[in-house]
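Engineer:
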Amino acid sequence: MIDVLVVDDDFMVARIHRGFVERIDGFRVVSTAGTGEQAVAAVDELRPNLVLLDLYLPDMFGLDVVARIRAARHDCDVLVISAAREAEAVRAAIRYGAVNYLLKPFGFEELRSRLEQYAVRRTALGTAVVADQADIDRVLSRSGAVAGAHTLPRGLSPETAALVERTLRQQTGPLTASECADLVGISRVSARRYLEHFSSSGRAEVTLKYGAAGRPERRYTWLV
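In our numbering, the protein residues as written are -13 to 210.
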């Protein structure tokens, strides 16, 4: 179970975000905080694995909270949730080690996909030693740490990408583009584009099934 601290100065927003997190398997909210000081104290006391951190807090800027957490050597990750759209805010969050940056307002599916990406990365790095560089590259590409790993090509939507991803995750075996299209409710051509994107970014594996004649059938499996 991944313990989460939700930090937001608006208690209603914090309640909504808490509800979102608690709907996702494998995550639980251990507390909420409305100020930077409360957030630092909660991390000291509860030692969460992940902090959902708003940047605009009444007593300090959110990244100052991160600096204090790091100075205290707490081993927790930070996912920034903010209305701040300035490029410098995003760059600063990355420099401070944020695992992701989610713009407000956002819906449940947007948060769910990012938390599931985080969980995959955390699980993949659960062993003390990695086998080789390929293992590291696979983990980074799945988590989005490799530049552009989760940038969708033009014409692909995050919402449909999340549906295709969830469909692949739920299967016990590989899917063809046609099978995926039927399950998601999109065209085969569209499904193929999303599946190929996941394959090229290292999150899905392609295997070829050869028939009696014609092209081999491409089948896709989500890598976990």
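In this text, a Cβ means the ideal position worked out from N, Cα and C, and glycines have one as well.
For the putative contact between Thr153 and Cys166, defined by C-beta atoms under 8 Å, what is the C-beta separation to the nearest angstrom?
Structural biologist: 6 Å
Engineer: Cα separation between Leu97 and Arg33?
Structural biologist: 22 Å
Engineer: Please report the straight-line C-alpha distance between Leu(-9) and Ala25, rounded to a whole angstrom.
Structural biologist: 8 Å
Engineer: So does the stretch 83 to 98 actually touch the stretch 58 to 66, counting three or more Cβ pairs closer than 8 Å?
Structural biologist: yes
Engineer: Specify the secondary structure class of Glu72 as computed by DSSP and reduced to three states.
Structural biologist: coil
Engineer: Tell me whether Ala133 sits in a helix, a strand or coil according to DSSP, three-state version.
Structural biologist: Note that Ala133 has pLDDT 35, beneath the 50 cutoff, so the model's placement of it is unreliable and no number is given.
Engineer: Taking 8 Å as the threshold (C-beta atoms), are Leu49 and Leu41 in contact?
Structural biologist: Yes, Cβ-Cβ distance for Leu41 and Leu49 is below 8 Å.
Engineer: On the DSSP bridge list, what partners appear for Ser17?
Structural biologist: Ser17 is bridged to Leu(-9).
Engineer: So is Gln103 buried or exposed if we call it buried at 16+ other beta carbons inside 10 Å?
Structural biologist: buried
Engineer: Considering only their Cβ atoms, is the gap separating Val192 from Arg204 smaller than 8 Å?
Structural biologist: yes
Engineer: Would you call Ser129 buried or exposed, if buried means 16 or more other Cβ atoms sit within 10 Å of its Cβ?
Structural biologist: For Ser129, the pLDDT reaches just 46, beneath the cut-off of 50, and the residue's location in the model is therefore unreliable, although a value from the coordinates is still provided. Its Cβ being crowded by 16 or more others within 10 Å, Ser129 is buried.
Engineer: At what residues does the beta strand (DSSP E) containing Ala177 begin and finish?
Structural biologist: Ala177 -> not in any beta strand (DSSP E); alpha helix (DSSP H) instead, spanning 174 to 186.
Engineer: Where DSSP assigns a beta bridge to Asn35, which residues make up the other side?
Structural biologist: DSSP lists no partner for Asn35.
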